[in-house]
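The sequence shown maps to residues 7 to 122 in the numbering used here.
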Amino acid sequence: VQLQASGGGLVQAGGSLRLSCAASGRFFRINIMGWYRQAPGKQRELVATLTTGGTTNYADSVEGRFTISRDNAKNTVYLQMNSLEPEDTAVYYCNLRVAVSGNSYWGQGTQVTVSS
Numbered sequence: 007v008q009l010q011a012s013g014g015g016l017v018q019a020g021g022s023l024r025l026s027c028a029a030s031g032r033f034f035r036i037n038i039m040g041w042y043r044q045a046p047g048k049q050r051e052l053v054a055t056l057t058t059g060g061t062t063n064y065a066d067s068v069e070g071r072f073t074i075s076r077d078n079a080k081n082t083v084y085l086q087m088n089s090l091e092p093e094d095t096a097v098y099y100c101n102l103r104v105a106v107s108g109n110s111y112w113g114q115g116t117q118v119t120v121s122s
């Protein structure tokens, strides 16, 4: 299974970015796709997840600013990030997890930098 993330970049505070992550390979169609991030010197943390059935989970810090969505036919997950803050600066990783097997797959990460 491979996850290819794209869409990161440099943006000013208050701006927006949209991340995309496409999954390829063989995996159970019922799964959870999501985004995590890791800032310098900090642990990787949850940003948002979305199940195949449409259940979402957001970190408190991004609730109301970020929106996760997915296209199940394309095995692609998106993260629309609005009202970005310097504290959102991190490497963002996409993840696909299959609950029934416990298998978890990670993308390569994409850098998001928010300038003040």
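By construction, the Cβ of each residue, glycine as well, lies at the ideal position given by its N, Cα and C atoms. These numbers were taken from a predicted model, which means no experiment stands behind them.
Here DSSP, grouped into helix, strand and coil, assigns Glu51 to strand. If you draw a straight line from the Cα of Leu85 to the Cα of Arg71, it is about 10 Å long. The C-beta separation of Val17 from Leu23 comes to about 6 Å, placing the pair in contact by the 8 Å criterion. Taking 8 Å as the cut-off, the beta carbon of Thr58 is found closer than this to the beta carbon of Arg35. Per the coordinates, the alpha-carbon of Leu52 lies some 15 Å from the alpha-carbon of Val83. Excluding its 5 nearest sequence neighbours in each direction, Ser122 has C-beta neighbours in its own chain below 6 Å: Ala19 and Pro92, listed in chain order. Runs of the beta strand (DSSP E) spanning 3 or more residues and lying entirely within the region 8-40 occur at 8-12, 15-18 and 23-30, in chain order. CA-to-CA, the gap between Ala45 and Gly113 works out to about 16 Å.
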